[in-house]
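Down below is the structure, laid out as structure tokens.
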Amino acid sequence: MMPPEHRFDLLLRRRLQRAEVPPPPAVWEGVERQLRRRRRRRTVLWCVVGLLLMGGGWLGQRAGLFYPAPSPSASENAVQPFPVLPPPSPRFADEKEEGQPAVSSSLPTGAILSRKSTLTATPAARTSPVEASDLLALFAPPAADVSALPLPSTEPLPTLPGPSSMPVLQAHREPQLSLTAQKPPKGSAKNTRKCYRFGEKGSTWLIHAYAGPSKALARWRNLDVEMDSYAAARRRTEAPEGAFNAGVRLSCFPHPNIAVRTGLQYDQWIERFEYTNPDFIRYHVVITQKLINGQWVSVADTVGVEYGAEYLRVYNRFGLLNIPVQIGLEWRKGAVGISVNAEASVNLLFHKRGTILDADGKPTAFTPGAGGRVVYRTRTGLSIGGSVQGFYHLAPRTRLFAEPYFHSVLRPITLPDYPIEQRQCIAGLRIGISQILGQ
Amino acid sequence: MNEEALIRGCLRGSARCQRLLYERYAGKMYAVCLRYARTPSDAADILQEGFIKVFTKLDQFQFQGSFEGWVRRIIINTALRTYQRQRFEYESSGWERLPEAPMEPDIINHLSEAELLRLVSRLPEGYRMVFNLVAIEGHSHAEVAEMLGIQESTSRSQLTKARRWLCEQLQRLYPDVAVSIE
Numbered sequence: 029m030m031p032p033e034h035r036f037d038l039l040l041r042r043r044l045q046r047a048e049v050p051p052p053p054a055v056w057e058g059v060e061r062q063l064r065r066r067r068r069r070r071t072v073l074w075c076v077v078g079l080l081l082m083g084g085g086w087l088g089q090r091a092g093l094f095y096p097a098p099s100p101s102a103s104e105n106a107v108q109p110f111p112v113l114p115p116p117s118p119r120f121a122d123e124k125e126e127g128q129p130a131v132s133s134s135l136p137t138g139a140i141l142s143r144k145s146t147l148t149a150t151p152a153a154r155t156s157p158v159e160a161s162d163l164l165a166l167f168a169p170p171a172a173d174v175s176a177l178p179l180p181s182t183e184p185l186p187t188l189p190g191p192s193s194m195p196v197l198q199a200h201r202e203p204q205l206s207l208t209a210q211k212p213p214k215g216s217a218k219n220t221r222k223c224y225r226f227g228e229k230g231s232t233w234l235i236h237a238y239a240g241p242s243k244a245l246a247r248w249r250n251l252d253v254e255m256d257s258y259a260a261a262r263r264r265t266e267a268p269e270g271a272f273n274a275g276v277r278l279s280c281f282p283h284p285n286i287a288v289r290t291g292l293q294y295d296q297w298i299e300r301f302e303y304t305n306p307d308f309i310r311y312h313v314v315i316t317q318k319l320i321n322g323q324w325v326s327v328a329d330t331v332g333v334e335y336g337a338e339y340l341r342v343y344n345r346f347g348l349l350n351i352p353v354q355i356g357l358e359w360r361k362g363a364v365g366i367s368v369n370a371e372a373s374v375n376l377l378f379h380k381r382g383t384i385l386d387a388d389g390k391p392t393a394f395t396p397g398a399g400g401r402v403v404y405r406t407r408t409g410l411s412i413g414g415s416v417q418g419f420y421h422l423a424p425r426t427r428l429f430a431e432p433y434f435h436s437v438l439r440p441i442t443l444p445d446y447p448i449e450q451r452q453c454i455a456g457l458r459i460g461i462s463q464i465l466g467q
Numbered sequence: 012m013n014e015e016a017l018i019r020g021c022l023r024g025s026a027r028c029q030r031l032l033y034e035r036y037a038g039k040m041y042a043v044c045l046r047y048a049r050t051p052s053d054a055a056d057i058l059q060e061g062f063i064k065v066f067t068k069l070d071q072f073q074f075q076g077s078f079e080g081w082v083r084r085i086i087i088n089t090a091l092r093t094y095q096r097q098r099f100e101y102e103s104s105g106w107e108r109l110p111e112a113p114m115e116p117d118i119i120n121h122l123s124e125a126e127l128l129r130l131v132s133r134l135p136e137g138y139r140m141v142f143n144l145v146a147i148e149g150h151s152h153a154e155v156a157e158m159l160g161i162q163e164s165t166s167r168s169q170l171t172k173a174r175r176w177l178c179e180q181l182q183r184l185y186p187d188v189a190v191s192i193e
């Protein structure tokens, strides 16, 4: 037979699982408001992403990232008012000498023209006589190389027998062609102007200033198995709240693509400590001095008792100072570039203020000098990390940059006698400006 | 509109379908929240947070098994997270032996669902969570211990205490009906 407590549970389960209670109308309003806000946030996010992509595309276009690298001949063309055409094909009669009108030349021979030259058609081409070789040339595969072609001949090629009214198609030389030079990629001149020439004057020095959001990632290891419930209680009572970084840095480029950097970085992170004691009892005691048998005696009298929950919220703050040494490789193209850096730094956890749960289950301050438990080290030793920097030259000597970074403190930031070992990693984004020093 | 069409409508972002889906399950889920929360206002907060999660994570529902069960799981997890955020308790380790309380289970039939809910929601914090998860949802003590971050023995003792507490309350309500505690 089923024990009575199981029957009790079963009956309760049956009754309660069927239960329905209409919720207050404010709940749906709240749900709807939150969903609307999320939709709006998503729309804004997509707009920001779209704008960033457009902005990136625009900057890339200005920097000439979407064009192939200019060849020497192309760069020559860019500075000349008219493009220099390769010698004409020998299969084409010299139109000037023959006194023929201008001819359309959207020909396969376009391949032998400079990349930055275009040919435009004129209607007169339709009335010109066609020569056999010219027709052949129209459908022939494009010549591979101008230099491979024979030198121009002044002799007219034989004409194709046919009706006298058939137009003669002739190629013509440069002066008769209506050619327009294609504009060089917009911004390429500017990019050349904007990009500082590294390595021209020996070592180059840069100074950077930056700030940005970051995230502190803590890894905990329980050194004492008996402290499992304490570790779980600490996890329950602490939650990350926010973090940021700021710093200044000096870079030296002994080689145009290699940088050595050092400086000072400050990382601050905040944790929220929340503690609730549901069995909180407060006694109100009045102590009075009474004269008993000729002697003053302190008499305690409990005048009231409060039962309730004790709630405590503290924002714990940690400040880590880093002195990094970085080695970076940098690549530039026009006004933009990227650098990849590896770093090692010396750290000082010089600022720590707040409250955590102590092993006895009660909140205790860990702020140095506050009389609580000393939990964290000050000299936390070395950390290693890396970063990737993308930058854009606003001017030849001024850059804007964004640099995601990560660094991990090698030693635990907690003291060795503390039962839970805490290791700290920090990831974030440095957004800042760089200035190239010197003349 | 059937359940699947409603879910697909919600996935398309239809506000009407979201409203209909909410109306279909809000009553049952609010009753669940009332069992776990300390106050009706806390229950309303849990319900709101839970339904936002339901709508934002709806694409993870595989159309296998009961949708109501899926929603219920989300609501219970939200309630547990809220409870874990708010609570701190001093756990006593070890198995605490309590006298078993023989009782007349049919006493439950004398109470309405609203009264039962009120009774369960008045259970002390730790007891309430364990009682709901073990006695009502049917989880094992091992599962509950993992969910709440407590020891299995604590879960057992809290269930016993919860039953005992409920019996005492029922006896107070219906002294004439046989709820015998020896």
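Listed in order, the protein sequences are those of chains W and L. Our numbering puts the first residue of the first sequence at 29, with every later residue one more than the last. Our numbering puts the first residue of the second sequence at 12, with every later residue one more than the last. The C-beta atom is built at its ideal place from N, Cα and C for all residues, glycine as well.
In the three-state DSSP reduction, Y224(W) falls in the coil class, being neither helix nor strand. Less than 8 Å divides the Cβ of Q169(L) from the Cβ of Y138(L).
Boundaries of the alpha helix (DSSP H) around E124(L): 124 to 132. Taking 8 Å as the CB threshold, Q59(L) lines the interface with chain W. Proximity of chain W to A173(L) at the Cβ level (cut-off 8 Å) is not reached, the minimal Cβ distance being about 10 Å. For the stretch 41 to 65 of chain L, the set of positions with a beta-carbon nearer than 7 Å to some beta-carbon of chain W reads Y41, A42, L45, R46, A55, L58, Q59, F62, I63 in chain order.
Secondary structure at I441(W): coil, using DSSP grouped into helix, strand and coil.
A contact is defined here as three or more CB-CB pairs under 8 Å, and the stretch 293 to 301 of chain W meets this definition with respect to the stretch 343 to 361 of chain W.
In the three-state scheme derived from DSSP, where H, G and I count as helix and E and B as strand, V402(W) is classed as coil. Counting of Cβ neighbours within 10 angstroms places H312(W) among the exposed residues, the total staying below 16.
With a 10 Å radius around the Cβ and a threshold of 16 neighbouring Cβ atoms, V368(W) comes out exposed. Beta-bridge analysis with DSSP links G347(W) to Q296(W), H379(W). Boundaries cannot be given for E254(W), as no beta strand (DSSP E) includes it and DSSP labels it neither H nor E. Residue state for P268(W) is assigned as strand, using DSSP reduced to three classes.
A Cβ-Cβ separation of about 6 Å places T406(W) in contact with F378(W) under the 8 Å criterion.
Proximity to I63(L) across C75(W), R70(W), G58(W) peaks at G58(W), based on C-alpha coordinates. With respect to chain L, the C-beta atom of E48(W) has a partner C-beta closer than 8 Å. Judged by DSSP secondary structure, L181(L) falls within the alpha helix (DSSP H) whose first and last residues are 163 to 184.
For T89(L), no CB of chain W lies under 8 Å from its own CB, so it is not counted at the interface with that chain. Boundaries of the beta strand (DSSP E) around E449(W): 448 to 464. Of F429(W), G399(W), A337(W), P440(W), the smallest CA-CA separation from S411(W) is found for P440(W). Interface annotation, L128(L): in contact with chain W, CB-CB separation under 8 Å.
In this structure, A146(L) is the residue among Y41(L), E34(L), A146(L) with its C-alpha nearest to the C-alpha of S166(L).
Sequence-ordered contacts of the stretch 20 to 42 of chain L with chain W read G24, A26, Q29, R30, Y33, E34, A37, G38, K39, M40, Y41, A42 [C-beta pairs closer than 9 Å]. For G160(L), the chain W residues whose Cβ falls inside 9 Å of its Cβ are S257, A260, A261, R263, R264, in order along the chain. The beta carbon of D252(W) does not come within 8 Å of any beta carbon belonging to chain L, so the residue lies off that interface.
The Cβ neighbour count for L81(W), taken over all protein chains shown within 10 Å, is under 16; the residue is labelled exposed.
Taking a Cβ-Cβ cut-off of 9 Å, T93(L) has no neighbours in chain W, whose nearest Cβ is about 12 Å from it. With contacts defined by Cβ atoms closer than 8 Å, A387(W) and M255(W) form a contacting pair.
Shown here, K318(W) sits in a strand according to DSSP, grouped into three states. Note that the stretch 34 to 41 of chain W does not touch the stretch 19 to 37 of chain L; fewer than 3 beta-carbon pairs, one per stretch, sit closer than 8 Å.
Taking the Cα positions, I309(W) is about 15 Å away from Y303(W). According to the DSSP assignment, T392(W) belongs to the beta strand (DSSP E) that extends over 391 to 393.
For W56(W), the chain L residues whose Cβ falls inside 9 Å of its Cβ are R30, Y33, E34, A37, Q59, F62, in order along the chain.
Membership of H150(L) in any alpha helix (DSSP H) is not indicated, and neither H nor E is assigned to it by DSSP. Using a C-beta cut-off of 8 Å, the stretch 250 to 266 of chain W makes no contact with the stretch 228 to 235 of chain W, since fewer than three inter-stretch Cβ pairs fall below that distance.
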